[in-house]
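Every number in the working numbering is 1278 more than the matching position in the sequence shown, counting from 1.
Glycine included, each C-beta is placed from N, C-alpha and C at the ideal position.
Following: one structure in C-alpha cells, then a few remarks.
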Amino acid sequence: MVNISASRALAGIIALLVGIGLLLGLALTDSDLVNPIKSVAEFQRDQTETQRIAQENEITLQQ
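See the structure below:
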C-alpha cells in the first residue's frame, strides 16, 4: 500500500514538473500560444510593411 501511494505521489510530482516546464518553455520562447494577440498584431504590421514596400517598388518602376 505504501509503495503504491508513493509511486502515485512521485508520478504526480513528475507530471506537475513537466507541466510547469512546458509552460515556462512556451513563455520564454515567446510562443504564439501564450500571446496570440501579439501574433495578430505582428502579422498586421508585416502585412502593412509589405504593402508599403510594394507601393515604393511600383513608384520606382514608373519613374
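If you reduce the DSSP assignment to three classes, tell me which class residue i lands in.
| i | result |
| --- | --- |
| S1317 | helix |
| L1304 | helix |
| L1288 | helix |
| D1324 | helix |
| S1283 | helix |
| L1294 | helix |
Would you call the CB atoms of residue i and residue j closer than 8 Å?
| i | j | result |
| --- | --- | --- |
| V1312 | A1305 | yes |
| S1324 | S1317 | For the sequence presented, residue 1324 should be read as Asp rather than Ser. Not in contact: D1324 and S1317 (Cβ atoms no closer than 8 Å). |
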